[in-house]
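Below: the structure, in structure tokens.
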DNA sequence: TACATTACTTACATTTTTTATAGTACCATA
DNA sequence: TATGGTACTATAAAAAATGTAAGTAATGTA
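Residue numbers (full-length UniProt numbering), protein chains in the order written: chain A, 1 to 130; chain B, 1 to 130.
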């Protein structure tokens, strides 16, 4: 875990922006390197820590933990611990977390579109440069 | 301007994720500290560098430049320089940039909703703790 | 008793992002 | 000749985010 410095300009700026702009507030919540992918997977149903890890082969356990904790703090995911050995912990989206579905879908289709545009312009450039 | 290190694990992870998940690809594009606010303002029409600066009182000129450059590279904004003295530079959304409008709106309303939930639960907590 | 399993934690290092501060070029006007 | 306005750069430093590597606890099974 790490602490952010509440006296920094960065912190002040983030707070101010988040207060004024709900878009930014929202973006801060879903904006870690892995947060969106985690949510995407969880949209399909609950998953255990280890299952998520397998689905995201390059994530480190530390990062997965951190992101899940942040999502939990922000009430995007719910964490359920079963008192077993070895431990079993399940993660699932909360109602408000599940409501990200529409946003994720839109981001997806916008992303696809942008990617297409981008590769189109790149191949045009290649042609031009020949 | 700053350079990212293309040999880092972080870079590799970002690339891989962006390839596989268009949501993440999209999130990377609109995901700088100030990118979304800038876009929100530009949705209402073109703005000059100095106007943007006034609208975002706490941004440094360097940050504004960096974010605009990134948005420009990603074809979200179009930059027009007028050959005058003192210089005049206008920024406006491209068509694909303008298509972020729907996403921003959704983020906004999700953000509002989340914020309401959050303050509700906090006041509940306060009551409980009394 | 030793080992495997699971979901972590901890200490530390590196990379990336953001901020701070002080310039620059250009020319019109005072 | 000095000043002012505009849109920037350059450089350094601070802060935040991510990654690396090595633990830990608990207990059922070999």
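C-beta: ideal position from N, C-alpha, C; glycine also.
Over the uninterrupted alpha helix (DSSP H) stretch that includes residue i, give me the two end residues.
i: residue 73 (chain A); result: 61-73
i: residue 24 (chain B); result: 22-29
Under DSSP, the beta strand (DSSP E) around residue i begins and ends at which residues?
i: residue 141 (chain A); result: This structure leaves residue 141 (chain A) out entirely; chain A is present only between 1 and 130.
i: residue 200 (chain A); result: Residue coverage of chain A in this structure runs from 1 to 130, which leaves residue 200 (chain A) outside it and unanswerable.
i: residue 93 (chain B); result: 88-93
i: residue 46 (chain B); result: Looking at the DSSP string, residue 46 (chain B) is not in any beta strand (DSSP E), and its letter there is neither H nor E.
i: residue 136 (chain A); result: Outside the displayed range of chain A (1 to 130) lies residue 136 (chain A), so it cannot be described from this structure.
Keeping to the same chain, check which residues put their C-beta closer than 7 Å to that of residue i; ignore five residues upstream and five downstream.
i: residue 51 (chain B); result: none
i: residue 28 (chain A); result: 14, 18
i: residue 11 (chain B); result: 4, 5
i: residue 59 (chain A); result: 34, 53
i: residue 140 (chain A); result: Because chain A here runs from 1 to 130, residue 140 (chain A) falls outside it and cannot be looked at.
Measuring only between beta-carbons, confirm whether residue i sits less than 8 Å from chain B.
i: residue 120 (chain A); result: no
i: residue 43 (chain A); result: no
i: residue 123 (chain A); result: no
i: residue 103 (chain A); result: yes
i: residue 2 (chain A); result: no
i: residue 158 (chain A); result: Because chain A in this structure spans residues 1 to 130, residue 158 (chain A) falls outside the shown range and cannot be described.
i: residue 37 (chain A); result: yes
i: residue 115 (chain A); result: yes
Check the Cβ-Cβ distances between residue i and every residue of chain A, and say whether any is below 8 Å.
i: residue 47 (chain B); result: no
i: residue 112 (chain B); result: yes
i: residue 75 (chain B); result: yes
i: residue 52 (chain B); result: no
i: residue 99 (chain B); result: yes
i: residue 7 (chain B); result: no
i: residue 106 (chain B); result: yes
Can you name, in chain order, every residue of its own chain whose Cβ lies under 8 Å from the Cβ of residue i, other than the five neighbours on each side?
i: residue 74 (chain A); result: 29
i: residue 93 (chain A); result: 39, 42, 43, 76, 77, 78, 100
i: residue 33 (chain B); result: 63, 67
i: residue 96 (chain A); result: 75, 76
Return the chain-ordered list of same chain residues with a C-beta closer than 6 Å to the C-beta of residue i, the five sequence neighbours on each side being excluded.
i: residue 89 (chain A); result: 49, 81
i: residue 101 (chain A); result: 43
i: residue 46 (chain B); result: 90, 92
i: residue 113 (chain B); result: none
i: residue 86 (chain A); result: none
i: residue 55 (chain B); result: 41
Near-chain A residues of the region 14-33 of chain B (beta-carbon distance less than 8 Å), N- to C-terminal order: When C-beta distances to chain A are compared with 8 Å, the residues of the region 14-33 of chain B below that value are 14, 16, 17, 21, 22, 23, 24, 25, 26, 27, 29, 30, 31, 33, in chain order.
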